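If you use the numbering used here, the sequence shown corresponds to residues 16 to 278, in order.
The C-beta atom is built at its ideal place from N, Cα and C for all residues, glycine as well.
Since this is a predicted model, take the numbers as computed values, not measurements.
Some notes on the structure that comes next.
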Amino acid sequence: MSHPGYTPSEIMTIEAARRLSNGTVCFVGIGLPSAAANLARLTHAPEVVLIYESGTIGAKPDVLPLSIGDGELAEYADTVVSVPEIFRYWLQGGRVDVGFLGAAQIDKFGNINSTIIGDDYAKPKVRLPGAGGAPEIASNAKETWIIIKQSPRTFVEKLDFLTSVGHYEGGDSRQRSGARGAGPTAVITDHGVLVPDPVTKELVLAALHPGVTEEQARAMTGWPLKVANQVAAIAPPTQLELVTLRDLHVRTARAHGTSSTNE
């Protein structure tokens, strides 16, 4: 599935970045969401407003943060407020346009797991970093985007643990649960983009990256994947997008002495 000139991870990050625009208030998760959001800021959307849950508003990091507590986020932010203010005033107050999250598992209704792998919470096969602010972001942002690599291990019929709500059980069940906002409106993967069906809210394959087929996307999905009648073709990365993203990762690796790609 690799394409000459760029990797599946790069096109996934670039396609996610393209969706952000100037003036959008985006609550950013660490990892791939942070890479995509900062790529947008460094290319076509310099006025995007990036919020991290540690309290930084208008963050403009020169390198990608290792965690929400990374001083890089506060150093160049417009302002830094308390964690309760970020959640109560900004997020729960309806002032966040997009919640941008990663995950370890996702189901067909866009619910995500970032807590454990395995069916025994007390003795999991893998204990993941955990929820952080993701449940609040997923429940309160005006809409949510999820960026995740697509495989039968990540796209599962049933989550090992429901960390953050997407469209819950489909239909209007999210709305009835008390969660606000539209829920997941886009799931960006290394194969393409999925969007919820307007009525059932089940994720539907709506766009494919260059060189990827519907059959490949189906094979990487742990449930019978529904495909839109017309599947859009995602444009290949531009040279500017690729160079900017790679420079960001190189700077980050140099600053932290480690890889920042989260691959």
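Apart from the 5 residues on each side of it in sequence, Gly125 sits with its Cβ closer than 8 Å to the Cβ of Thr159, Ile161, Gly181, His182, Gly198, Pro199, Val202, Pro211, Lys216 and Leu218 in its chain, given in chain order. Counting only residues of its own chain and dropping the five nearest sequence neighbours on each side, Thr130 has a CB closer than 7 Å to the CB of Leu143, Gly145, Ala146, Phe176 and Thr178. Asn53 carries a helical assignment under DSSP once its states are collapsed to helix, strand and coil.
Fully enclosed alpha helix (DSSP H) runs of no fewer than 4 residues occupy 47-57 of the stretch 37-85, in order along the chain. Between Leu57 and Thr28 the beta-carbon gap is near 12 Å, outside 8 Å, which marks them as no contact. Ala92 is classed as buried because its beta carbon has at least 16 other beta carbons within 10 Å across all chains shown.
In this structure, the straight-line span from the alpha carbon of Leu263 to that of Ala194 is close to 35 Å. A distance of 9 Å or more separates the beta carbons of Leu54 and Ala74. Where Thr28 is concerned, the enclosing alpha helix (DSSP H) starts and stops at Pro23 to Arg33. Secondary-structure assignment with DSSP links Asn128 through a beta bridge to Gln120.
In this chain, the alpha helix (DSSP H) harbouring Ile152 covers Ala149 to Asn155. Within the same chain, Phe102, Leu106 and Gln107 come within 8 Å of Glu151 by CB-CB distance, once the 5 residues on both sides are set aside. Taking Ser69 as reference, the option from Pro61, Pro99 and Val63 with the minimal CA-CA separation is Pro99. Inside the stretch 205-275, DSSP marks whole beta strand (DSSP E) runs of 3 or more residues at positions 207-211, 218-223 and 241-248, from first to last along the chain. Taking the C-beta atoms as reference points, Pro76 is found nearer than 9 Å to Glu90. When the five nearest sequence neighbours on each side are left out, the beta carbons in the same chain lying within less than 7 Å of the beta carbon of Leu81 are those of His271, in order along the chain.
Exposure of Ala248 is indicated by the presence of fewer than 16 other C-beta atoms within 10 angstroms of its C-beta. Residue burial annotation: Glu230 is exposed, with fewer than 16 other C-beta atoms found within 10 angstroms of its C-beta.
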